[in-house]
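Take the sequence shown: its letter number 261 is residue 261 in UniProt numbering, and every next letter is one higher.
In this text, a Cβ means the ideal position worked out from N, Cα and C, and glycines have one as well.
This one's a predicted model, so the numbers in the text were calculated from it and none came from an experiment.
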Amino acid sequence: MSQVPVNTSLPYIFDATDATFQQLVIENSFHKPVLVDFWAEWCAPCKALMPLLAKIAEGYQGELLLAKINCDVEQQVVAQFGIRSLPTVVLFKDGQPVDGFAGAQPESAIRAMLEPHVQMPAAPVAAPLEQAKALFAESRFSEAEALLQVLLGEDNSNAEALILYARCLAERGELGEAQVVLDAVKTDEHKAALAGAKAQLTFLRQAATLPEAAELKSRLAQNPQDDEAAYQLCIQQLARQQYEAALDGLLKLFQRNRGYENGLPQKALLQVFELLGNEHPLVGVYRRKLSAALF
Numbered sequence: 001m002s003q004v005p006v007n008t009s010l011p012y013i014f015d016a017t018d019a020t021f022q023q024l025v026i027e028n029s030f031h032k033p034v035l036v037d038f039w040a041e042w043c044a045p046c047k048a049l050m051p052l053l054a055k056i057a058e059g060y061q062g063e064l065l066l067a068k069i070n071c072d073v074e075q076q077v078v079a080q081f082g083i084r085s086l087p088t089v090v091l092f093k094d095g096q097p098v099d100g101f102a103g104a105q106p107e108s109a110i111r112a113m114l115e116p117h118v119q120m121p122a123a124p125v126a127a128p129l130e131q132a133k134a135l136f137a138e139s140r141f142s143e144a145e146a147l148l149q150v151l152l153g154e155d156n157s158n159a160e161a162l163i164l165y166a167r168c169l170a171e172r173g174e175l176g177e178a179q180v181v182l183d184a185v186k187t188d189e190h191k192a193a194l195a196g197a198k199a200q201l202t203f204l205r206q207a208a209t210l211p212e213a214a215e216l217k218s219r220l221a222q223n224p225q226d227d228e229a230a231y232q233l234c235i236q237q238l239a240r241q242q243y244e245a246a247l248d249g250l251l252k253l254f255q256r257n258r259g260y261e262n263g264l265p266q267k268a269l270l271q272v273f274e275l276l277g278n279e280h281p282l283v284g285v286y287r288r289k290l291s292a293a294l295f
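Here it is as structure tokens:
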């Protein structure tokens, strides 16, 4: 038996009729389970159920077909299966009805009914670089680094992978090695990411030469106007990825003393924006706050 193609924008959701039921439902059910929705125009619960069934079918990405039968029109099929109430939903597999229900049902009950009969599609495997990005975002740096090493072993000219690899190295203190990797990036294609990685290196290098955060906090507790301690604490926070606290501290220092060390607070704020990237929610918030403070 051949599977019948269905010419709709979603080929696994379609209308079936008395004339096409044998092909679209019975024959197709030898290839994929077919969920048949018996409905009518006058049936309000039917119309409420339809989008739910469509959503479920879409989630199976073609592993489940959904056939809709208008009971006011297709009398032959309705009589053949003894449909007495609407909505009625019947699951066909290998040419036979194997399960179903009558009346509106919650999504959880429908999924539970389908589970033994329909295989969920395999989750797409993310590309190695996307996996590494996700791991880095979760601060799982060693796992991200291992993936990137494999990727770069196959293609050591991948600029995006090189930049992320350098950031992993920087996170575990290999600042010199990270700099060497960044210097190997020769393309302008990922300018923002490269600038962000360089900013990260700058903050980590600076932090290594500064007093510990606890000491700086103690100084600020004794003198909240200690601009040097305030700035150095922000750098320590940046090195530890405490971005919101650092941005807040830099902005307050800029508002209090924008000329501190030839405008260091503003320069640092702009470096953090590069580091985080325009998509990061904190960047939009603090760009607006910096603009308000400037003007």
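Under the three-state reduction of DSSP, residue 295 is assigned to coil, being neither helix nor strand. Secondary structure within the UniProt domain "Thioredoxin" (4 to 119): the beta strand (DSSP E) runs of 3 or more consecutive residues, fully enclosed, are 13 to 15, 34 to 39, 65 to 70, 88 to 93 and 96 to 102 (chain order).
Within the model, the alpha-carbon separation for residue 86 versus residue 122 is close to 33 Å. DSSP places residue 252 in the helix class (H, G or I) of the three-state scheme. Residue 227 carries a helical assignment under DSSP once its states are collapsed to helix, strand and coil. Residues of the same chain with a CB within less than 7 Å of the CB of residue 159, apart from the 5 flanking positions on each side, are 185, 187, 189 and 190 in chain order. When secondary structure is reduced to three states using DSSP, residue 127 falls in the coil class, being assigned neither helix nor strand.
Contact between residue 282 and residue 247 holds, since their C-beta atoms are separated by about 6 Å, short of 8 Å. Residue 269 sits away from residue 238, with the two beta carbons spaced by 8 Å or more. Taking a contact to require three or more Cβ pairs closer than 8 Å, the stretch 190 to 201 and the stretch 262 to 277 qualify as touching.
Residue 202 sits in a helix when the DSSP states are folded into three classes.
Here the stretch 74 to 81 makes no contact with the stretch 131 to 140; the two share fewer than three CB pairs at distances below 8 Å. Taking a cut-off of 8 Å for Cβ pairs, the stretch 149 to 157 and the stretch 229 to 245 do not touch, as fewer than three such pairs fall below it. The beta carbon of residue 100 lies closer than 6 Å to those of 89, 90 and 91 in the same chain, with the five residues before and after it left out. In the DSSP assignment, residue 218 falls within the unbroken alpha helix (DSSP H) covering 213 to 222. Sequence-distant Cβ neighbours of residue 71 in its own chain, meaning closer than 6 Å and more than five residues away, are 38, 40 and 78. In the DSSP annotation of this structure, the continuous segment of the alpha helix (DSSP H) that includes residue 167 starts and ends at 159 to 171. Here the C-alpha atom of residue 224 lies approximately 23 Å from the C-alpha atom of residue 203.
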